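S.K.: I have a structure here, written as C-alpha cells, and I will follow up with some questions on it.
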Amino acid sequence: MASFSSIGVGLGGSVDVNALIKASVDAVKIPITKTNGLKDQATFVNAKISTFGQLKSMVSDFSDAAGKLNSVTGWNAVTATSSNADAVTVSATGGTAATSFSVEVQNLAKAQSTASAPLLPVGGYMGVGSLKIELGKWSVSPTSFAAGAANPVNITIAATDKLADVASKINGANAGVTASILSDASGERLLLRSKTTGEDAGFQMTVTDGDGNNTDATGLSRLTTGLSIDYGANAKATVNGIPVSSATNQFNTVSGVTFSAVKVTTSPVEITVAKDTTAVRANVDAFVKAYNTLNNALNDITKYDKENKTAGLLQGDSTALGLQNSLRSAIQSMADGAGGFRGLSSIGIGVAGGLSNINPTGELVVDSTKLNKALENPDAVKAMFRGPDGGTATDGVSEKILKTTKSLLASDGFFASKDKLLQNSLKRNAQEIERVNDLADRTETNLKARYTALDTKMSQLNALNAYISQQVTTWNKSSG
Numbered sequence: 499m500a501s502f503s504s505i506g507v508g509l510g511g512s513v514d515v516n517a518l519i520k521a522s523v524d525a526v527k528i529p530i531t532k533t534n535g536l537k538d539q540a541t542f543v544n545a546k547i548s549t550f551g552q553l554k555s556m557v558s559d560f561s562d563a564a565g566k567l568n569s570v571t572g573w574n575a576v577t578a579t580s581s582n583a584d585a586v587t588v589s590a591t592g593g594t595a596a597t598s599f600s601v602e603v604q605n606l607a608k609a610q611s612t613a614s615a616p617l618l619p620v621g622g623y624m625g626v627g628s629l630k631i632e633l634g635k636w637s638v639s640p641t642s643f644a645a646g647a648a649n650p651v652n653i654t655i656a657a658t659d660k661l662a663d664v665a666s667k668i669n670g671a672n673a674g675v676t677a678s679i680l681s682d683a684s685g686e687r688l689l690l691r692s693k694t695t696g697e698d699a700g701f702q703m704t705v706t707d708g709d710g711n712n713t714d715a716t717g718l719s720r721l722t723t724g725l726s727i728d729y730g731a732n733a734k735a736t737v738n739g740i741p742v743s744s745a746t747n748q749f750n751t752v753s754g755v756t757f758s759a760v761k762v763t764t765s766p767v768e769i770t771v772a773k774d775t776t777a778v779r780a781n782v783d784a785f786v787k788a789y790n791t792l793n794n795a796l797n798d799i800t801k802y803d804k805e806n807k808t809a810g811l812l813q814g815d816s817t818a819l820g821l822q823n824s825l826r827s828a829i830q831s832m833a834d835g836a837g838g839f840r841g842l843s844s845i846g847i848g849v850a851g852g853l854s855n856i857n858p859t860g861e862l863v864v865d866s867t868k869l870n871k872a873l874e875n876p877d878a879v880k881a882m883f884r885g886p887d888g889g890t891a892t893d894g895v896s897e898k899i900l901k902t903t904k905s906l907l908a909s910d911g912f913f914a915s916k917d918k919l920l921q922n923s924l925k926r927n928a929q930e931i932e933r934v935n936d937l938a939d940r941t942e943t944n945l946k947a948r949y950t951a952l953d954t955k956m957s958q959l960n961a962l963n964a965y966i967s968q969q970v971t972t973w974n975k976s977s978g
C-alpha cells in the first residue's frame with residue numbers, strides 16, 4: 499500500500515494515517531488472508547489437482563501392467579535350449595508350440611575359394627587384358643559351371659598393373675567375391691573367395707589375355723592356368739534322422755525354431771522348446787506392484803491419524819474413496835466361463851491378511867508357491883487373465899480391470915471430470931480474490947482521499963485558530 503509523508507500535518511502530526519488506512523484495507527482483505535480463507539482454499543485446491551494428477555499417473559501405470567497380462571505377446575514367450583550349445587545353438591519365436599528334437603551336424607556350410615598358381619617374379623607386371631567374373635553354380639561330376647541371373651562383371655587390366663592392383667580392382671568391382679594375395683617362397687598367389695556360402699553361391703573367373711592366348715602360363719592367363727578350386731558347400735544335418743540342408747549354417751526347417759550349426763557333431767544334440775513362465779511371472783509381479791503403489795497412495799491421502807490428529811489431503815473425499823472402491827472391486831473380478839482358475843486368489847494373488855485382518859490395507863500379496871504351481875498350466879492362467887480363445891473382449895480378469903481403468907482415464911472419465919471440477923473451483927476462487935482485492939484498492943483510494951481532505955481542512959482550521967489567537971493577544975496588549 500502506498501504511503502504519503504505529508505498527511506497528518508493538519509492533524510498535528512500525531513495521527514498515523516498510513517497505519518489507519520492499512521488496517522482498514524487489511525480488514526477488507528480478511529476473506530483472502532484468514533485461516534481457511536480464499537488464499538488457503540486456492541492452495542488446497544491446487545494440492546488436490548496435483549494429487550489427482552499423481553493418482554491418474556498411477557492408474558495409468560496399473561492399466562499398463564494389466565494390459566501386459568492381457569496382451570498375447572506376454573503369454574507367447576518361449577525358451578529354446580540346446581544340450582550342446584558349443585555345437586548347435588537355437589532360438590524360437592514367441593508362440594512356438596512346445597517341442598523337442600535331436601540334431602546331428604555332418605558338415606558346415608562353406609564358401610567357394612580359388613587360388614592361382616604361384617606367380618613370379620613377385621611384384622611383376624601381370625600383362626594387358628581383362629577378367630570376367632560370373633556368379634552361379636558348379637556341378638562337380640562332371641565339372642561344369644552354370645551362370646546365374648546376375649550380370650557378369652568385367653575388369654580391365656592395364657600393362658602397368660601388378661597383382662596387388664588386380665586384387666584391388668576385383669575388390670572394388672563388387673563382383674560378389676573378395677580378393678587377397680598370398681606370398682610364400684614359391685611366389686605370389688591370387689586368392690578369391692565368394693562372399694556367401696553354399697552350393698549355389700559359386701563363381702567363375704575367365705581371362706581374355708592381351709597376347710591372344712588365354713590358356714598359357716604367360717601374361718594375364720597365369721591367373722587361371724593351374725587354378726585350384728575349393729567348391730562351396732551347404733551345411734548338412736539331420737533332424738530326428740531326416741536329412742536337411744542349408745546354404746548357411748542356419749536352419750529354419752522346424753516351424754518357429756531356428757538352429758545354427760557351429761561345428762560337426764559326434765553325437766545327437768537335443769533341442770527343447772518350452773513355454774517361458776519367467777516373463778509371465780515378471781508381468782504378474784509388475785501388476786501387483788503397480789496396484790499396491792496406487793492403493794497405498796490412496797490409503798495415505800484418505801486416512802485420519804487419531805494419535806497425531808492429522809488428516810490426509812483427501813480424507814473424507816467421497817470421490818477418492820469411490821475411486822479406491824472401484825479399483826478394489828476390479829481386482830476381485832472373476833473370469834467368465836468354466837476353467838481351473840477364476841480369479842486372482844485362485845492363482846495365489848490375494849489381499850494381505852485376508853478376511854481375518856480387522857483393518858485391511860487392501861494391499862495385494864503373492865503366494866509364490868501357489869502361483870508357481872498355477873503356472874505349471876500356463877494356458878489356464880492365460881485364460882483366467884485374457885479369457886478363453888474366441889471369447890468376448892471382457893471375459894478375463896485383466897480385461898475387466900482394463901475396462902475399469904480405461905473408463906477412469908477416458909477423456910470424459912473420472913479424472914477428466916474431477917480435474918475440470920477443481921479447475922472451475924480454482925477459477926471461481928481467483929475471481930473472488932480479484933473482487934476482494936479490487937474492493938481493497940477502492941477502499942485505500944477512498945480513505946486516502948478522505949484523510950487528505952480532512953488534513954487540508956484541519957490545516958485551514960489550525961491556521962485560523964492561530965490567527966485568532968494572535969489577534970486576541972494583540973487586543974489584550976492594546977487594551978491594557
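Note that our numbering has the sequence shown beginning at 499, numbered continuously upward. A virtual CB, placed ideally from N, CA and C, is assigned to each residue, including glycine. Owing to the predicted nature of the structure, the values given are computational and were not obtained by experimental measurement.
Under a CB-based cut-off of 8 Å, is Asp-682 close to chain C?
M.R.: The question asks about chain C, but that chain is absent: this structure has only one protein chain.
S.K.: Can you tell me which of the three DSSP states Leu-518 falls into?
M.R.: As a working note, residue 518 is residue 20 in the sequence shown. If DSSP states are grouped into helix, strand and coil, Leu-518 belongs with the helices.
S.K.: With a Cβ-Cβ cutoff of 8 Å, do Leu-629 and Ala-665 count as a contact?
M.R.: Here residue 629 refers to the residue found at position 131 of the sequence shown. Here residue 665 refers to the residue found at position 167 of the sequence shown. For Leu-629 and Ala-665, no; Cβs fall outside 8 Å.
S.K.: Are Leu-811 and Ile-829 closer than 8 Å when you measure CB to CB?
M.R.: Position 313 of the sequence shown holds residue 811. Position 331 of the sequence shown holds residue 829. No. Outside cutoff.
S.K.: Inspect the beta-carbon positions of Ile-845 and Ser-580 and report whether they are closer than 8 Å.
M.R.: As a working mapping, residue 845 is identified with position 347 in the sequence shown. As a working mapping, residue 580 is identified with position 82 in the sequence shown. No; because the gap between Cβ atoms is not below 8 Å, this pair is not in contact.
S.K.: Taking C-beta to C-beta, are Thr-695 and Ala-745 nearer than 8 Å?
M.R.: Residue mapping note: residue 695 aligns to position 197 of the sequence shown, counting from 1. Residue mapping note: residue 745 aligns to position 247 of the sequence shown, counting from 1. It is a contact, given that the beta carbons lie within the stated cut-off.
S.K.: Hey, how far is the Cα of Leu-853 from the Cα of Thr-859?
M.R.: If you number the sequence shown from 1, residue 853 lands on position 355. If you number the sequence shown from 1, residue 859 lands on position 361. Low confidence applies here, because Leu-853 scores a pLDDT of 46, under 50, leaving its location unreliable; read the following figure in that light. When rounded, the distance between both Cα atoms is 11 Å.
S.K.: Do you know offhand how far Ile-668's Cα is from Ile-655's?
M.R.: If you number the sequence shown from 1, residue 668 lands on position 170. If you number the sequence shown from 1, residue 655 lands on position 157. Rounded to whole angstroms, Ile-668 to Ile-655 spans 10 Å at the Cα level.
S.K.: Can you tell which of Thr-713, Thr-736, Ala-733, Ala-735 has its C-alpha closest to the C-alpha of Leu-725?
M.R.: Within the sequence shown, the letter at position 227 stands for residue 725. Checked all of Thr-713, Thr-736, Ala-733, Ala-735; the closest Cα to Leu-725 is Thr-713.
S.K.: Expressed to the nearest angstrom, what Euclidean distance is found between the alpha-carbon atoms of Arg-591 and Gly-572?
M.R.: Within the sequence shown, numbered from 1, the residue matching residue 591 stands at position 93. Within the sequence shown, numbered from 1, the residue matching residue 572 stands at position 74. Note on identity: in this sequence residue 591 is Thr, with Arg being the wrong assignment. Roughly 13 Å between the two C-alpha positions.
S.K.: Pull up the distance between the alpha-carbon of Phe-883 and that of Ala-780, whole angstroms please.
M.R.: Position 385 of the sequence shown, counting from 1, holds the residue named residue 883. Position 282 of the sequence shown, counting from 1, holds the residue named residue 780. Near 15 Å, if we compare the C-alpha coordinates of Ala-780 and Phe-883.
S.K.: Could you check the C-alpha separation between Ile-856 and Asp-865 for me, to the nearest Å?
M.R.: Counted from its first residue, the sequence shown places residue 856 at position 358. Counted from its first residue, the sequence shown places residue 865 at position 367. Note on Ile-856: pLDDT 48, under 50, position unreliable in the model; the coordinate value appears next. Roughly 21 Å separates the two Cα atoms.
S.K.: If we call anything under 8 Å between Cβ atoms a contact, is Ile-899 one with Ile-530?
M.R.: Counting from 1 along the sequence shown, the entry for residue 899 is found at position 401. Counting from 1 along the sequence shown, the entry for residue 530 is found at position 32. Not closer than 8 Å, so no.
S.K.: For Ser-923, which residues of its own chain have a beta-carbon under 8 Å away from its beta-carbon, when the five flanking residues on both sides are left out?
M.R.: Position 425 of the sequence shown holds residue 923. So the qualifying residues of the chain are Val-543.
S.K.: Mapping the DSSP letters down to three states, classify Gly-696 as helix, strand or coil.
M.R.: As a first step, residue 696 is located in the sequence shown; it is residue number 198 there, counting from the start. Of the three classes helix, strand and coil, the one that applies to Gly-696 here is coil, per DSSP.
S.K.: Give the DSSP-derived three-state secondary structure of Thr-587 in the structure shown.
M.R.: Counting from 1 along the sequence shown, the entry for residue 587 is found at position 89. Thr-587 falls in the strand class under three-state DSSP.
S.K.: Starting from the C-beta of Thr-808, find all residues in its chain whose C-beta is less than 8 Å away, skip the five residues before and the five after it, and write them out in chain order.
M.R.: Position 310 of the sequence shown holds residue 808. Contacts found: Tyr-802.
S.K.: Using the C-alpha atoms, what's the distance from Ser-692 back to Asn-561?
M.R.: As a working mapping, residue 561 is identified with position 63 in the sequence shown. As a working mapping, residue 692 is identified with position 194 in the sequence shown. Note that residue 561 is Ser in the sequence shown here, rather than Asn. When rounded, the distance between both Cα atoms is 54 Å.
S.K.: Enumerate, from N- to C-terminal direction, the unbroken beta strand (DSSP E) stretches of 3 or more residues contained entirely within the segment 588-626.
M.R.: With a minimum length of 3 residues, the unbroken runs of beta strand (DSSP E) contained wholly in the segment 588-626 fall at 597-605, 611-613.
S.K.: Grouping DSSP H, G and I as helix and E and B as strand, with all else coil, what is Arg-884?
M.R.: Mapped onto the sequence shown, residue 884 falls at position 386. Here Arg-884 sits in helix by DSSP.
S.K.: Would you tell me roughly how many angstroms separate the C-alpha atoms of Asn-793 and Val-576, rounded to the nearest one?
M.R.: Within the sequence shown, numbered from 1, the residue matching residue 793 stands at position 295. Within the sequence shown, numbered from 1, the residue matching residue 576 stands at position 78. Cα to Cα, Asn-793 sits roughly 33 Å from Val-576.
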